[in-house]
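These notes are about the structure you will find just below.
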Amino acid sequence: MVLDWIVLEADYTILRDVHEKTDHDGRDKMRVEVKQHYYWIPSKVISIYLSTCVAWQITKPVKNHVVSTAIVSFGFLTRFQIDLIDLRTRPDGEFKRKPGSSTILGEISKFYWCIKDLDVNALELNFDLTQGYL
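One point on numbering: in full-length UniProt numbering, the residue at position 133 of the sequence shown is 133, and numbering is uninterrupted.
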């Protein structure tokens, strides 16, 4: 157990020195430098070290989320946004017999409708919507 601690402490010192030498530039640059000189340090240890570096966490780019476009309609209930929920991948409880459900958001009214017992077939969904809501 003491030997493991000594090895981990030596690895930490090596990783800190290499990380400062690469100026906190990133994971790939650090891995290349470590693999060139210190081949016995596994990649998982490098990832754990990088997750503890505050400077690297701050400079890491933030993921940009996709901005959804607004629904533009020309009249009352002419356009919908439909979110299908396919429950076939998680058949539990009451959804063993019901393959899916859907939530529909109308643009002008901002009300939600929920359709249960849907067959997630696109043609049948189109037919149900045209018969029931339009």
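Glycine included, every Cβ here is placed at the ideal spot set by N, Cα and C.
Please report the straight-line C-alpha distance between residue i and residue j, rounded to a whole angstrom.
i	j	result
G26	K44	15 Å
K35	D23	17 Å
I48	L15	11 Å
E9	D28	22 Å
L50	H37	18 Å
T52	M30	14 Å
Which of helix, strand or coil does DSSP assign to residue i?
i	result
I14	helix
Y38	coil
D28	helix
T52	helix
T103	Per-residue confidence for T103 stands at a pLDDT of 47, beneath the threshold of 50, marking its modelled position as unreliable; no derived number is given.
E20	helix
Buried or exposed, going by whether 16 or more other CB atoms sit within 10 Å of the CB of residue i?
i	result
V32	exposed
Y39	exposed
V54	exposed
H19	buried
T103	For T103, the predicted structure reports a pLDDT of 47, less than 50, and the residue's modelled location is therefore unreliable. The matter cannot be settled from this model.
CB-CB under 7 Å to residue i, same chain, minus the five flanking residues each way: which ones, in chain order?
i	result
D11	I41, V45
Closer than 8 Å by C-beta to residue i: which residues in its own chain qualify, once you throw out the five before and the five after it? Chain order, please.
i	result
K21	E33
D17	none
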